[in-house]
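Data block below; observations after.
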Amino acid sequence: MNYMFETGINFNTDLSISSIIKGVKIAEEYGYDYIWIGEAFQYSHPIPIAALISKVTKKIKVGIIVSPKIDKCIHIIKSIQVLQEAYGERYAIGLIPGDPLRLKTLGLNTFNILEDIKSCIKSFPRVNLKIKSEFKDSIPKLCKLTSLPIYVGASGPKMINEGSKIADGLLLNYINPEFIKWALEFVDVKNCCIAAFGPVLLKPATKELLMALRISAAVVAAGANKSLIKEFNMHTQIEEIKKIFKKNEFNALESYDEFLINKFAVYGDIEEIKSKIEELRKIGVDQVVFGTPFCKDFESIKKLGEALKK
């Protein structure tokens, strides 16, 4: 792997504290670069979980995904400052719009999210690192030039374009090379870091984990940006998947395996997953984040981590 290329694992906070502790220790031992933790209303908040992860690990970087619509920016900043003081400069921030439907149920407005994200980024007191000598003959990636890289979660043209102008990196909510190529057309700042984030599962897998992969892929599909849906002519399938969610008939997702897993997930043996990662790297991705259910399978974390070292 290219020395600039990174791998990360997203640990959902629906996991037990003991599972998260065990999983992140394994991730660090087997050479992953990042742990990412996100915000979900029904589960533990990512910032205290980040403190817990930092306490039980030594050097693995921790990405914290939050929405300025839910958490006040000043609280995000103060929390990160405390974490840095306690555990060093091993953090990244992912600022995301948040799910509009969820925001409304909490009585939060969904307007001007881009302005909120811009304002929050400007509020972060950050010191840029000096450009290292190995960057002399190439354009340095922005996320490598700061002790606290800030990413913007994006999936549509406007957020991708604006996010690349204001942040050090983009967290793209898909892992399909076709979708990534399309997204990169809207990136305005070419040395913005690109992280591809999506559901991953290593074969062979249990029925339970395969169902978890289907559901994760379906969640990504159901929340896909309208421009992406139109570009790849996916309206019919995605509307059908949304109906399945409304009825809570998750077993019906199995008949959409070819669509969901091919378009919105990575499912394969070690060589197939390595090949997909290499394909993403070649088209301009700087970090691949293995989304749930990968975090639930500790043996897969070990096996893939070992394989990626070679």
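In my numbering, the protein residues as written are -6 to 303. Note that the Cβ used here is the ideal one computed from N, Cα and C, for glycine as well.
ask   = Out of curiosity, what's the CA-to-CA distance linking E264 and L195?
value = Within the sequence shown, residue 264 is the residue found at index 271, counting from 1. Within the sequence shown, residue 195 is the residue found at index 202, counting from 1. About 10 angstroms.
ask   = Does the beta-carbon of P197 have 16 or more other beta-carbons within 10 angstroms, so that it is buried, or is it exposed?
value = Locating residue 197 in the sequence shown gives position 204, where the first residue counts as 1. It counts as exposed.
inquiry  = Between the alpha carbons of I13 and D161, how many angstroms are there, rounded?
reply    = What you label residue 13 is simply residue 20 of the sequence shown in a count that begins at 1. What you label residue 161 is simply residue 168 of the sequence shown in a count that begins at 1. If I take the Cα positions, the gap works out to 27 angstroms.
query = Considering only residues of the same chain and omitting the five flanking positions on each side of P90, which have a CB-CB separation below 6 angstroms?
reply = What you label residue 90 is simply residue 97 of the sequence shown in a count that begins at 1. Excluding sequence neighbours, P90 sits near I106.
query = Short check: CB of L165 to CB of S140, under 9 angstroms?
reply = Walking along the sequence shown from the start, residue 165 turns up at place 172. Walking along the sequence shown from the start, residue 140 turns up at place 147. In terms of Cβ geometry, L165 and S140 do not form a close pair [threshold 9 angstroms].
ask   = Can the beta-carbon of L193 be found closer than 9 angstroms to that of I276?
value = The sequence position of residue 193 within the sequence shown is 200, counting from 1. The sequence position of residue 276 within the sequence shown is 283, counting from 1. The displayed chain sequence assigns Val, not Leu, to residue 193. Their beta carbons are not under 9 angstroms apart, which means V193 does not touch I276 by this criterion.
task = Work out the CA separation of R274 and G146 for me, nearest whole Å.
result = Position 153 of the sequence shown, counted from the first residue, corresponds to residue 146. Position 281 of the sequence shown, counted from the first residue, corresponds to residue 274. Going by the C-alpha atoms only, they are around 19 angstroms apart.
ask   = So which of F34, V49, S9, M(-3) has the shortest CA-CA distance to D26?
value = Here the question's residue 26 lines up with position 33 in the sequence shown. Of the candidates F34, V49, S9, M(-3), the one whose C-alpha sits nearest the C-alpha of D26 is M(-3).
message = If I follow the unbroken alpha helix (DSSP H) through Q35, where does it start and stop?
response = Counting from one through the sequence shown, the residue named residue 35 turns up at place 42. That residue, Q35, is in no alpha helix (DSSP H); it is neither H nor E in DSSP.
query = Roughly how many whole angstroms lie between the Cα atoms of H38 and D64?
reply = Counted from its first residue, the sequence shown places residue 38 at position 45. Counted from its first residue, the sequence shown places residue 64 at position 71. Using only the alpha carbons, I get a separation of about 10 angstroms.
inquiry  = On a Cα-Cα basis, can you pick out the residue from L177, E178, C186, A205 that is closest to L138?
reply    = By 1-based counting over the sequence shown, the position of residue 138 is 145. L138 has its Cα closest to that of C186, out of L177, E178, C186, A205.
ask   = At which residues does the beta strand (DSSP E) containing C185 begin and terminate?
value = As a working mapping, residue 185 is identified with position 192 in the sequence shown. Where C185 is concerned, there is no enclosing beta strand (DSSP E), given that its DSSP letter is neither H nor E.
request  = Can you have a look at K71 and say buried or exposed, based on whether 16 or more other CB atoms are within 10 angstroms of its CB?
outcome  = Residue mapping note: residue 71 aligns to position 78 of the sequence shown, counting from 1. K71 should be labelled exposed.
inquiry  = Using the Cβ count rule (16 or more neighbours within 10 Å means buried), how would you classify F257?
reply    = As a position in the sequence shown, residue 257 is number 264, starting the count at 1. Buried, since its Cβ has 16 or more Cβ neighbours within 10 Å.
message = Taking the alpha carbon of Y144 as the reference point, which residue from D290, W29, S47, K15 has its own alpha carbon closest?
response = Position 151 of the sequence shown holds residue 144. Selected option, being the one with the closest Cα: W29.
request  = Helix, strand or coil for K296, going by three-state DSSP, please let me know.
outcome  = For the purposes of this step, residue 296 is identified with residue 303 of the sequence shown, where counting begins at 1. In this structure, K296 counts as helix in the three-state DSSP scheme.
task = Tell me, to the nearest whole angstrom, how far the beta carbon of G56 is from that of A20; I am working on the premise that it is less than 8 angstroms.
result = As a position in the sequence shown, residue 56 is number 63, starting the count at 1. As a position in the sequence shown, residue 20 is number 27, starting the count at 1. The Cβ separation is near 12 angstroms, so there is no contact.
inquiry  = What would DSSP say about E(-1), mapped onto helix, strand or coil?
reply    = Residue mapping note: residue -1 aligns to position 6 of the sequence shown, counting from 1. Correct three-state label for E(-1): strand.
inquiry  = Measuring straight from C-alpha to C-alpha, what distance separates G298 and E22?
reply    = Reading the sequence shown from its first residue, position 305 is the one you call residue 298. Reading the sequence shown from its first residue, position 29 is the one you call residue 22. In a straight line, the C-alpha of G298 is about 9 angstroms away from that of E22.
message = To the nearest angstrom, how far is the alpha carbon of S217 from that of I208?
response = On the sequence shown, position 224 is the one that residue 217 refers to. On the sequence shown, position 215 is the one that residue 208 refers to. The sequence shown places Ala at residue 217, rather than the Ser named in the question. Those two C-alpha atoms are separated by around 14 angstroms.
key: Residues that DSSP places opposite V282 in a beta bridge   = What you label residue 282 is simply residue 289 of the sequence shown in a count that begins at 1. Per DSSP, G1, F190.
inquiry  = Could you pull the DSSP bridge partners for L221 from this structure?
reply    = By 1-based counting over the sequence shown, the position of residue 221 is 228. DSSP output for L221 lists no bridge partner at all.
request  = State the DSSP-derived secondary structure class of V180, mapped to helix, strand or coil.
outcome  = Walking along the sequence shown from the start, residue 180 turns up at place 187. If DSSP states are grouped into helix, strand and coil, V180 belongs with coil.
ask   = What is the rounded straight-line gap between the Cα of V306 and the Cα of E242?
value = Nothing can be reported for residue 306: it is not among the residues displayed for the chain, which extend from -6 to 303.
key: Same chain, Cβ closer than 6 angstroms to G24, neighbours up to 5 away in sequence not counted   = The residue labelled residue 24 in the question sits at position 31 within the sequence shown. Closer than 6 angstroms at Cβ, skipping near neighbours: G298, K302.
key: Nearest candidate by alpha-carbon position, reference A176, set A215, V278, K115   = Indexing the sequence shown from 1 puts residue 176 at position 183. Checked all of A215, V278, K115; the closest Cα to A176 is V278.
request  = Name, in chain order, the residues that DSSP records as bridge partners for V145.
outcome  = Against the sequence shown, residue 145 aligns to sequence position 152. Paired residue(s): L88, L163.
task = Confirm the yes/no value for this check: CB of Y80, any heavy atom of the ligand GTP, distance under 8 angstroms.
result = As presented, the structure is devoid of all ligands, the ligand GTP included, so that no description of it is given.
key: Where T285 falls, given that 16 or more other Cβ within 10 Å makes a residue buried   = Here residue 285 is taken as the residue at index 292 of the sequence shown, counted from 1. So T285 counts as buried.
request  = Determine which residues share a DSSP beta bridge with L195 and list them.
outcome  = Locating residue 195 in the sequence shown gives position 202, counting from the first residue. BP columns for L195 point to G261.
query = Below 9 angstroms between beta carbons: does that hold for I222 and G156?
reply = For this step, residue 222 is matched to residue 229 along the sequence shown. For this step, residue 156 is matched to residue 163 along the sequence shown. No, these two residues do not count as a Cβ contact at 9 angstroms.
ask   = Just how far apart, CA to CA, sit M152 and E201?
value = Translated into positions along the sequence shown, residue 152 becomes position 159. Translated into positions along the sequence shown, residue 201 becomes position 208. Straight-line Cα distance between these residues: approximately 35 angstroms.
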